[in-house]
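*Asks:* Everything in the sequence shown is counted per the working numbering, starting at 297 for the first residue and increasing by one. Where is the CB? At the ideal position from N, CA and C, for every residue including glycine.
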Amino acid sequence: MQNLMSIIKTIMLFALTFYSGTLYGQQESLPINISIFNESTSIPYTRFLTTPIHPGIQIGTEFEGKTKNHWRFYPSISIGYMFHRKLFQGIYLNADLGIDYQTNFGINIKSKLGIGYLHTFATQQEFQFNGSKYESNSDRGNARLMPSFTLGLGYNLHKKDPHSPEIYLLYQSWIEYPYSPGFIPLMTHTNLHLGAKFYPFKSK
297 MQNLMSIIKT IMLFALTFYS GTLYGQQESL PINISIFNES TSIPYTRFLT TPIHPGIQIG
357 TEFEGKTKNH WRFYPSISIG YMFHRKLFQG IYLNADLGID YQTNFGINIK SKLGIGYLHT
417 FATQQEFQFN GSKYESNSDR GNARLMPSFT LGLGYNLHKK DPHSPEIYLL YQSWIEYPYS
477 PGFIPLMTHT NLHLGAKFYP FKSK
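1. Please give me, in chain order, every unbroken run of the beta strand (DSSP E) with length at least 3 that falls completely inside the segment 453 to 480.
2. Check this for me: beta carbons of serine 444 and serine 469, under 8 angstroms apart or not?
3. With threonine 416 as the anchor, note down where its beta strand (DSSP E) starts and where it stops.
4. In the DSSP assignment, find the unbroken beta strand (DSSP E) run with serine 484 in it and report its ends.
5. Compare the C-alpha of proline 348 against each of Gly402, Leu488, Lys493 and Phe494 and name the closest.
6. Do serine 374 and asparagine 334 have their CB atoms nearer than 8 angstroms?
7. Residues in its own chain within less than 8 angstroms of alanine 492 by CB, not counting five upstream and five downstream?
8. Among the residues of its own chain, which have a CB less than 6 angstroms from the CB of glycine 504, if the five just before and after it don't count?
9. To the nearest whole angstrom, what separates the beta carbons of leucine 414 and tyrosine 377, a pair I think is in contact under 8 angstroms?
10. Pop quiz: glutamine 385 and threonine 419 are said to be a contact at Cβ under 8 angstroms. What is the actual Cβ separation, rounded to whole angstroms?
11. Should glycine 352 go down as buried or exposed, given a rule of 16 or more other Cβ atoms within 10 Å for buried?
12. Taking Cβ to Cβ, would you say leucine 326 is nearer than 8 angstroms to threonine 363?
13. For asparagine 390, which of Pro477, Lys382, Leu482 and Leu409 has the nearest alpha-carbon?
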């Protein structure tokens, strides 16, 4: 499993480096995506909004891709942080393939298929029994694989502008693997994102 995680991290870092290399050439057309979200350990599509709130934030960008008729295909990358009270906090790097259907009245039907690397840390102090007493453990965290599938809706504020700002609501389902080897192999999660896309480098 460690070899698999090393491979995943290498691929993700390569993708980040490759796409970062295109940043200068595409600077005027690259958007910024930023969202806040609520994370939960739940079975996907059984609940929409879950409580209590476990907050997270994500920031990323997407690349030009290909547009045909009303369809848009594009790659994207993002980094994020989430905090699940009494369970874990985690940072992640994610790469997605997005497919949007763009309507004539500004609404976009959005979907994404992604893979990511997640590193989790305990949110409470952990102790280990050393034979005579309990001692505090240092927490180096745990490496996780993070495949995901996302559905949602977006709305372009300026319908005829290809670089229009967009507000969106996304429902992301994802798997944390491995979760507890030998006990629970994987854990399902959902993230409900509220976010916006804008073009800070757009030419005037």
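*Replies:* In short, the structure shows the following:
1. Entirely contained in the segment 453 to 480, the beta strand (DSSP E) runs reaching 3 residues are, in chain order, 462 to 472.
2. Residue mapping note: residue 444 aligns to position 148 of the sequence shown, counting from 1. Residue mapping note: residue 469 aligns to position 173 of the sequence shown, counting from 1. Yes, Cβ-Cβ distance for serine 444 and serine 469 is below 8 angstroms.
3. Taking the sequence shown and counting its residues from 1, the one referred to as residue 416 is at position 120. Per DSSP, the continuous beta strand (DSSP E) segment holding threonine 416 begins and ends at 403 to 417.
4. Sequence index remark: in the sequence shown, residue 484 carries index 188 (1-based). Here residue 484 turns out to be threonine, not serine, going by the sequence shown. Segment 483 to 494, the beta strand (DSSP E) holding threonine 484.
5. Numbered from its first residue, the sequence shown carries residue 348 at position 52. Closest option to proline 348, Cα to Cα, is Leu488.
6. In the sequence shown, counting from the first residue as 1, residue 374 sits at position 78. In the sequence shown, counting from the first residue as 1, residue 334 sits at position 38. Taking 8 angstroms as the cut-off, the beta carbon of serine 374 is found no closer than this to the beta carbon of asparagine 334.
7. By 1-based counting over the sequence shown, the position of residue 492 is 196. For alanine 492, same chain residues with a beta-carbon under 8 angstroms away, outside a window of 5 residues either side, are Asn329, Ile330, Ser331, Pro461, Glu462, Ile463 and Tyr464 in chain order.
8. With the chain covering 297 to 500 only, the question about residue 504 has no answer from this structure.
9. On the sequence shown, position 118 is the one that residue 414 refers to. On the sequence shown, position 81 is the one that residue 377 refers to. Between the beta-carbon of leucine 414 and that of tyrosine 377 there is about 11 angstroms, and that puts the pair past the 8 angstroms contact cut.
10. By one-based count along the sequence shown, residue 385 stands at place 89. By one-based count along the sequence shown, residue 419 stands at place 123. About 5 angstroms separates the CB atoms of glutamine 385 and threonine 419; that is less than 8 angstroms, so the two are in contact.
11. If you number the sequence shown from 1, residue 352 lands on position 56. Around the Cβ of glycine 352, a 10 Å sphere holds 16 or more other Cβ atoms; the residue is buried.
12. Your numbering for residue 326 matches position 30 in the sequence shown. Your numbering for residue 363 matches position 67 in the sequence shown. Threonine 363 sits away from leucine 326, with the two beta carbons spaced by 8 angstroms or more.
13. Numbered from 1 along the sequence shown, position 94 holds the residue referred to as residue 390. Residue Leu409 is the option with its Cα nearest to asparagine 390.
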